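These notes concern the structure reproduced below.
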Amino acid sequence: MRNPLAEHVVEIKPSGIRKFFDIVSEMKDAISLGVGEPDFDTPWHIRDEGIYSLEKGRTFYTSNSGLKELRMEICNYLKRRIGVSYHFNDEVIITVGGSEGIDIALRAMLNPGEEVLIPQPSYVSYEPCTILAGGKPVIINLNAENEFRLTAQELRNAITDKTKILILPFPNNPTGAIMEKGDLEAIAEVIREKDIFVISDEIYSELSYKGDHVSIVSLPGMQERTILINGFSKAYAMTGWRLGYACGPKEIIAQMTKIHQFAIMCAPTTSQYAAVEALRNGDADVEMMRDAYNQRRRFLMNAFQEMGLECFEPFGAFYVFPCIKEFGLTSEEFATRFLNEEKVAVVPGTAFGDCGEGFLRISYAYSIENLKVALERLNRFIERLRAENK
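Under my numbering, the sequence shown has 185 at position 182, and the numbering climbs by one with no breaks.
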């Protein structure tokens with residue numbers, strides 16, 4: 004019998020995130036600090052709108068691009084939040100989460116063998132999606148010394164004649180790093196000079212703790228060469244609703260819509276009606292959740308300082324990325340022992356790229372009570388490791 008599998012798919016490694024949570028789900032009294040999912044319920048008025056849409060029998064397909072009403076609200080939201088105007092009719096598409104937006108953008112833009120620059124550590128799907136789209140991933144290893152920001156020189160060094168797209172993953176998962184306006188201006192200068200395109204994944208844009216988020220789309224000459232990816236999962240605690248969106252030049256959005264049309268048809272209708280309510284009346288919810296995350300972020304950073312655990316201060320998303328190199332263990336070894344000995348699950352930094360070695364991703368999308376218990380266990384664990392290393 005001939006091999007039924009595609010070799011390029013078989014060669015893709017499974018996500019390194021899930022391994023520990025399959026174990027922790029069956030471990031009594033275990034705490035997981037690894038899943039990137041808000042611990043808040045979707046705000047009631049948003050859920051209520053979804054329920055109302057079902058009661059009214061709004062259970063049919065929407066247009067391929069998504070509800071007109073939702074696309075218009077997204078344009079209004081982006082105008083007031085980042086100062087950029089999009090036309091709802093041909094520059095916006097509603098997707099099944101931000102992840103689908105990334106996937107279909109790459110498939111719409113890449114010819115076989117064209118290169119995609121992927122700063123790492125970063126979200127696990129960029130590299131496999133590039134491969135599945137026929138492109139070649141080129142990794143840019145970011146440094147803790149730069150707070151895991153992408154520098155213009157690092158970008159310039161990675162560009163070749165085959166470079167087509169830069170993925171810009173900020174605020175960043177897993178590091179919590181952000182890019183400020185000055186950082187982005189330097190990056191934008193290189194992008195315009197080298198005539199490449201950007202996929203800017205801004206799913207954590209509302210979770211920024213150092214002033215308002217700045218989008219590269221808002222800089223001169225960048226809107227016409229950028230696909231902006233965002234969604235509702237993180238800011239509005241709507242992970243299970245599976246809803247995102249992409250905005251960009253109409254000629255690119257048209258091809259993305261064609262792929263979406265054949266592969267997906269449309270995003271979930273109920274979710275789209277709920278998302279209209281989120282954009283219209285959800286600002287106070289976002290602010291409340293952001294304040295809670297910021298409190299937890301400060302709590303963790305203070306606890307790490309008291310433990311003597313090195314960690315640069317993250318100003319975005321809901322992750323910290325502490326350094327564990329002093330203990331002489333790989334990230335995988337540390338995370339495995341921590342889970343087995345103290346029943347706390349964290350994610351090895353290597354799940355997000357080889358340059359994540361020596362770091363851990365810890366999510367603070369959990370209650371202060373759970374974080375306190377987990378930190379007590381972490382402190383006990385690293386004290387034991389330090390005693391072993393004496």
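Even glycine gets a Cβ: it sits at the ideal position worked out from N, Cα and C.
As the structure is a prediction and not an experimental result, all values here were calculated from the model.
Candidates the options: which alpha carbon is nearest residue i's?
i, options, result
"residue 69", "279, 165, 161", "279"
"residue 281", "48, 11, 81, 230", "48"
"residue 186", "332, 218, 36", "218"
"residue 383", "306, 317, 360", "306"
"residue 92", "108, 73, 99", "73"
"residue 84", "215, 55, 148", "215"
"residue 208", "332, 233, 82", "233"
"residue 167", "127, 310, 230, 67", "230"
"residue 300", "375, 263, 88, 66", "375"
"residue 287", "334, 238, 276", "238"
"residue 123", "154, 108, 104, 103", "154"
"residue 200", "88, 158, 87", "158"
"residue 64", "323, 276, 197, 366", "276"
"residue 86", "226, 235, 46", "226"
"residue 328", "289, 392, 346", "392"
"residue 228", "283, 130, 197, 160", "197"
"residue 130", "16, 265, 10", "16"
"residue 10", "55, 137, 27, 390", "137"
"residue 33", "344, 390, 361", "344"
"residue 67", "266, 60, 339", "266"
"residue 235", "211, 165, 206", "206"
"residue 386", "309, 361, 260, 336", "309"
"residue 204", "195, 164, 127", "127"
"residue 30", "347, 390, 361", "347"
"residue 260", "109, 51, 295, 184", "109"
"residue 152", "62, 182, 26", "182"
"residue 62", "82, 94, 274", "274"
"residue 156", "60, 193, 340, 133", "193"
"residue 202", "164, 133, 210, 149", "133"
When you compare the CB positions of residue i and residue j, do they come within less than 9 Å of one another, or not?
i, j, result
"residue 177", "residue 125", "yes"
"residue 3", "residue 330", "This structure gives no information on residue 3, because the portion of the chain shown stretches from 4 to 393."
"residue 12", "residue 135", "yes"
"residue 170", "residue 119", "yes"
"residue 326", "residue 342", "no"
"residue 363", "residue 324", "yes"
"residue 365", "residue 19", "no"
"residue 322", "residue 179", "yes"
"residue 291", "residue 45", "no"
"residue 105", "residue 263", "no"
"residue 139", "residue 103", "no"
"residue 212", "residue 160", "no"
DSSP puts residue i in a beta bridge; with which residues?
i, result
"residue 234", "247"
"residue 95", "250"
"residue 34", "347"
"residue 203", "171, 231"
"residue 144", "123"
"residue 166", "118"
"residue 211", "319"
Closest Cβ-Cβ distance between residue i and chain D: below 9 Å?
i, result
"residue 152", "Judged by its chain identifiers, the structure shown contains no chain D, having just a single protein chain."
Item to check | At least 3 beta-carbon pairs within less than 8 Å: the segment 340-360 vs the segment 140-154 | outcome: They touch, by the three-pair rule.
Next on the checklist: Three Cβ pairs or more, each shorter than 8 Å: is that satisfied between the segment 338-351 and the segment 367-374?
Outcome noted: With a cut-off of 8 Å, the segment 367-374 and the segment 338-351 do not count as touching, because too few Cβ pairs lie within range.
Item to check | alpha helix (DSSP H) segments (min. 4 residues) lying fully within the segment 335-389 | outcome: Counting only runs of 4+ residues, no alpha helix (DSSP H) is found wholly inside the segment 335-389.
Next on the checklist: Which complete beta strand (DSSP E) runs does the segment 247-325 hold, if anything under 3 residues is left out?
Outcome noted: The beta strand (DSSP E) runs of length 3 or more contained entirely in the segment 247-325 are, from start to end of the chain, 247-250.
Checklist entry - Taking contact to mean at least 3 C-beta pairs separated by less than 8 Å, is the segment 264-275 in contact with the segment 245-254? => result Taking a cut-off of 8 Å on C-beta distances, the segment 264-275 touches the segment 245-254, as three or more cross pairs fall below it.
Checklist entry - If we count Cβ pairs, one from each stretch, closer than 8 Å, do we get three or more for the segment 75-94 versus the segment 245-264? => result By the criterion of at least three beta-carbon pairs nearer than 8 Å, the segment 75-94 is in contact with the segment 245-264.
Item to check | Inter-stretch contact at 8 Å, needing at least 3 Cβ pairs: the segment 311-325 / the segment 100-117 | outcome: These segments do not touch.
Checklist entry - Where in the segment 107-140 do unbroken runs of the beta strand (DSSP E), each at least 3 residues long, occur, reported from the N-terminal end onward? => result Fully enclosed beta strand (DSSP E) runs of 3 or longer: 118-123.
Next on the checklist: Below 8 Å, how does it come out for the segment 36-47 and the segment 253-261: are there three or more Cβ pairs, yes or no?
Outcome noted: Cβ pair count under 8 Å is below three, so no.
Checklist entry - With a cut-off of 8 Å, do at least 3 Cβ pairs link the segment 222-232 to the segment 183-200? => result Because the criterion of three Cβ pairs below 8 Å is met, the segment 222-232 and the segment 183-200 touch.
Checklist entry - Of all the alpha helix (DSSP H) runs that stay within the bounds of the segment 33-70, which reach a length of 4 or more residues? => result Here the runs fully enclosed are 47-58.
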